[in-house]
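A.B. asks: Next up is a structure, given as structure tokens.
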Ligand code: GLU
């Protein structure tokens, strides 16, 4: 039975790759395989450490987005998220000695990231998650592993002629509940009507249907959504914030923060961070920027 289900999984994996090749419409498909980076088999963690606990359990639970192309998009065939955030998760798991197929992926939307960490429902959140002081009061962050910037997306052809956030005064602009983007928008343009959804895919639908004049979040997320429907959307050039992406960890797990920072440092140095970028987000967003400076030490 077990052997059969492994075979079925392997066949589905082949089907996924074949499907991706068949669907190729110019833009290369996002990586569809389940394989992960080489797993560290020489680990030796101190008793009582977070890493020892995860290693001994042979499992890590990671919260990520399931509807964000390039960063975390659930593959309907494998059931696993794909994108840069998922790759960062696999790199960290491998350094704890946990293979990619022992990662349990849990969908986190913007608003439930802190609660899921506080409740212990996930061991880490890697989900286009901006490090900021407000969040640092209740959780810890490792990283950053990437710096994004907030931007705007409008309907194709830009019918409302929006070229900066200030043009949104008196207009409906979509953002996601619990996101830094919604707070930034309210602060920057108090006269804009911020319409909240719980996920970015729903925001994009509202924009496409003309229910809002624009949607706002990180350039990374907007670029990914537009890549799925280039006629429907235009990106407004430029960014108006800095969004350093961190790995959210339950408050007080300093050993884990330091361990992840070390894993990131290694991934920056040995090329695995750039390779992960190139095979996911880099396909649409272009070459990887310089490595960000790590915050915690
Ligand atoms: N990076 C921003 C944040 O963490 C916006 C993206 C998101 O909601 O995931 O809130």
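Residue numbers (my numbering): 10 to 306.
Glycine included, C-beta positions come from ideal geometry on N, C-alpha and C.
(1) In this structure, what does DSSP give as the bridge partners for residue 148?
(2) What residues match up with residue 227 in a beta bridge as DSSP calls it?
(3) Within 10 angstroms of the Cβ of residue 153, are there 16 or more other Cβ atoms? Answer buried if so, exposed if not.
(4) Spatial neighbours of residue 240 within its chain, please: CB distance less than 7 Å, with the 5 preceding and 5 following residues excluded, ordered by chain position.
(5) With a floor of 3 residues, list each beta strand (DSSP E) that falls wholly inside the stretch 197-241, ordered by position along the chain.
(6) Have a look at 130, 128, 123 and 133 and flag the residue whose alpha-carbon is nearest the alpha-carbon of residue 145.
(7) Alpha carbon to alpha carbon, how far is residue 174 from residue 225?
(8) Considering residue 103, what are the terminal residues of the alpha helix (DSSP H) in which it resides?
(9) Classify residue 177 as helix, strand or coil using the three-state DSSP reduction.
(10) Report yes if the C-beta of residue 290 is less than 6 Å from at least one heavy atom of ligand 1; otherwise report no.
(11) Using the Cα positions of residue 135 and residue 104, report the straight-line distance between them to the nearest angstrom.
(12) What three-state label does DSSP hand residue 244 in the structure shown?
(13) Any heavy atom of ligand 1 closer than 6 Å to the Cβ of residue 138?
(14) Confirm, please, whether the CB-CB distance from residue 82 to residue 98 is below 7 Å.
(15) Just confirm the distance between the C-beta atoms of residue 156 and residue 252, as a whole number of angstroms; I'd bet it's less than 8 Å.
(16) What is the rounded straight-line gap between the Cα of residue 52 and the Cα of residue 275?
(17) Does any heavy atom of ligand 1 sit closer than 6 Å to the C-beta of residue 186?
(18) Quick one: Cα of residue 39 to Cα of residue 289, how far?
(19) Throw me the rounded Cβ distance for the residue 160 and residue 234 pair, which I believe falls under 8 Å.
(20) Kindly indicate which residue of 109, 214 and 73 has the alpha-carbon position closest to the one of residue 44.
(21) From the DSSP output, in three-state form, read off residue 290 for me.
(22) Would DSSP call residue 34 helix, strand or coil?
(23) Just to check, is the beta-carbon of residue 222 closer than 6 Å to a non-hydrogen atom of ligand 3?
(24) With a CB to CB cut of under 7 Å and the five nearest residues on each side skipped, what residues in its chain are close to residue 10?
(25) In the DSSP assignment, what are the bridge partners of residue 114?
(26) So, are the CB atoms of residue 215 and residue 171 less than 7 Å apart?
(27) Using beta-carbon positions only, say whether residue 76 and residue 210 come within less than 7 Å of one another.
(28) Measure the alpha-carbon distance for residue 169 versus residue 302 and round it to whole angstroms.
C.D. replies: Answer, in terms of the structure:
(1) 259
(2) Answer by DSSP bridge pairing, in chain order: 159.
(3) buried
(4) Contacts found: 165.
(5) Along the stretch 197-241, the beta strand (DSSP E) occurs as fully enclosed runs of 3 or more residues at 202-206 and 223-227, listed in sequence order.
(6) With distances taken between CA atoms, residue 145 lies nearest to 123 out of 130, 128, 123 and 133.
(7) 9 Å
(8) Where residue 103 is concerned, the enclosing alpha helix (DSSP H) stretches over 93-105.
(9) Helix, per DSSP.
(10) no
(11) 16 Å
(12) strand
(13) Within 6 Å of the C-beta of residue 138 there is at least one heavy atom belonging to ligand 1.
(14) no
(15) 7 Å
(16) 15 Å
(17) Residue 186: no, Cβ never under 6 Å from ligand 1.
(18) Note that residue 39 has pLDDT 41, beneath the 50 cutoff, so the model's placement of it is unreliable and the number below is only indicative. Approximately 6 Å, taken between the alpha carbons.
(19) Actually they are not in contact, since the Cβ atoms of residue 160 and residue 234 sit about 12 Å apart, beyond 8 Å.
(20) 109
(21) coil
(22) Only weak support is given to the placement of residue 34: the predicted model assigns it a pLDDT of 43, under 50, and the value that follows is read from those uncertain coordinates. Three-state DSSP puts residue 34 in coil, outside helix and strand.
(23) Absent from the structure shown: ligand 3. Ligands present: ligand 1.
(24) For residue 10, the pLDDT reaches just 36, beneath the cut-off of 50, and the residue's location in the model is therefore unreliable, leaving the point undetermined.
(25) 71
(26) With contacts defined by Cβ atoms closer than 7 Å, residue 215 and residue 171 do not form a contacting pair.
(27) yes
(28) 38 Å
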